[in-house]
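Below: one structure, written as structure tokens.
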Amino acid sequence: MTAGPLCGIMRSMEAQHRAGVRLIDDHELVGVALEQALATSARLRYLGRVGTVDEALAERAPAGIVVLDLRLADESSPVRNVRALVDAGSTVLVYTSGESPYLIRLAAQTPISGLVRKSAPLGDLVTALELCADGGLAFSSDWAAAILGDHGLDEVGLSPREREVLVLLATGLPSKAAAAQLGIAIPTLEVHLARLREKYARIGRPAHQRSDLVLRALEDGYLPLPGESRSSDGAVS
Numbered sequence: 014m015t016a017g018p019l020c021g022i023m024r025s026m027e028a029q030h031r032a033g034v035r036l037i038d039d040h041e042l043v044g045v046a047l048e049q050a051l052a053t054s055a056r057l058r059y060l061g062r063v064g065t066v067d068e069a070l071a072e073r074a075p076a077g078i079v080v081l082d083l084r085l086a087d088e089s090s091p092v093r094n095v096r097a098l099v100d101a102g103s104t105v106l107v108y109t110s111g112e113s114p115y116l117i118r119l120a121a122q123t124p125i126s127g128l129v130r131k132s133a134p135l136g137d138l139v140t141a142l143e144l145c146a147d148g149g150l151a152f153s154s155d156w157a158a159a160i161l162g163d164h165g166l167d168e169v170g171l172s173p174r175e176r177e178v179l180v181l182l183a184t185g186l187p188s189k190a191a192a193a194q195l196g197i198a199i200p201t202l203e204v205h206l207a208r209l210r211e212k213y214a215r216i217g218r219p220a221h222q223r224s225d226l227v228l229r230a231l232e233d234g235y236l237p238l239p240g241e242s243r244s245s246d247g248a249v250s
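Each residue of the sequence shown is one higher than the one before, counting from 14 in our numbering.
Quick look at the structure:
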């Protein structure tokens, strides 16, 4: 066997042992930059870019590591996206501009293995991917501090009745109809509403208006996000 074919076989074997990285992002330039950055990596190989999670899941062999943008053009749920990818066997690293604390809060409550800001040097992303390939976690100190310091992640501590009030009012049901459905008087409903608003205000997440109630219910998983469904026991899937 000549040296040429042997070298080719060796390179092929080395490539197979490198962790495959799939990018899910709407922007082509991000894919070009990542492909170039991984070209010389001994641990990682670039598998290409797709625009949606459904495209990635349609592949016969899921990527070992997925670099996921939280805000995709198809407006799919980041929570559903992460869970679907993890269920398919992929490790998920979030790559985000970070302009939405709401999306970061959602990502922090899913089984992601890393989170890198798009404004960081590209080398930081490569380092994070290598950590993920070795089974580690890749959260920079500033993101860890931001997540730990986010009072929105604190346990609100709503009672079961307060959660029911939140969901019914957040879905647009008038107070009189909500009270009737719960089998309570309107003044009792107002007491529960005042208590849940007090609890949200105490952790820095006020819910003064009806629109605030909708947002809190979405953030805390009491209502499904677009692209999600809710089972009969109330769990978001």
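We put the CB at the ideal spot given by N, CA and C, even for glycine.
None of the values given here were measured: they were computed from a predicted structure.
Quiz item: Does the count of Cβ pairs from the stretch 48-67 and the stretch 135-155 closer than 8 Å reach three?
Solution: yes
Self-check item: DSSP-derived helix/strand/coil call for A220
Solution: coil
Quiz item: DSSP three-state call for L106: helix, strand or coil?
Solution: strand
Quiz prompt | Validate contact between the stretch 68-83 and the stretch 31-43 using beta carbons, cut 8 Å, 3 pairs | solution = yes
Quiz item: What is the rounded straight-line gap between the Cα of L135 and the Cα of R62?
Solution: 16 Å
Self-check item: Integer-rounded CB distance, given that L228 should sit under 8 Å from L179
Solution: Not quite, the Cβ-Cβ distance comes to about 11 Å (not below 8 Å), so this is no contact.
Quiz item: Just checking my contact of R73 with R31 at CB under 8 Å: how many whole Å lie between their CB atoms?
Solution: The Cβ separation is near 19 Å, so there is no contact.
Self-check item: the ligand FMN heavy atom lying under 8 Å from the CB of R62
Solution: For the structure depicted, the ligand FMN is absent and the ligand set is empty, with no information on it obtainable.
Quiz prompt | Buried or exposed (CB count within 10 angstroms, at least 16 for buried), L119 | solution = buried
Practice problem: Closer than 7 Å by C-beta to L70: which residues in its own chain qualify, once you throw out the five before and the five after it? Chain order, please. | Solution: A97, A101
Quiz prompt | DSSP three-state assignment for P239, whether helix, strand or coil | solution = Residue placement at P239 is flagged as unreliable, the pLDDT there being 49, under the threshold of 50; the coordinate-derived value follows with that caveat. The answer is coil: DSSP assigns P239 none of H, G, I, E or B.
Quiz item: Nearest to E41 by alpha carbon, out of Y213, V107, A151, D82?
Solution: D82
Exercise. May I have the straight-line CA-CA distance separating V107 from E211, to the nearest angstrom?
Key: 33 Å
Exercise. State the beta-bridge partners of L36 as determined by DSSP.
Key: R62, V80
Quiz prompt | Assigned secondary structure, L57 (DSSP; H/G/I helix, E/B strand, else coil) | solution = strand
Quiz item: Does the separation of the CB atoms of A193 and T201 fall below 9 Å?
Solution: no
Quiz prompt | Among R130, A198, S126, nearest to S113 - alpha-carbon criterion | solution = R130
Quiz prompt | Check whether L85 and T65 have beta carbons under 9 Å apart | solution = yes
Quiz item: Where does R73 fall in DSSP's three states?
Solution: coil
Practice problem: Can you give me the Cβ contacts of A116 inside the same chain, cut-off strictly under 8 Å, excluding the 5 residues immediately before and after it? | Solution: Correcting the residue type first, residue 116 is Leu in the shown sequence and not Ala. So the qualifying residues of the chain are L83, R84, P91, T109.
Quiz item: Taking buried to mean at least 16 other C-beta atoms within 10 Å of its own C-beta, is E68 buried or exposed?
Solution: exposed
Quiz item: Going along the chain, which unbroken runs of the beta strand (DSSP E) with 3 or more residues stay wholly within the stretch 108-154?
Solution: 127-130
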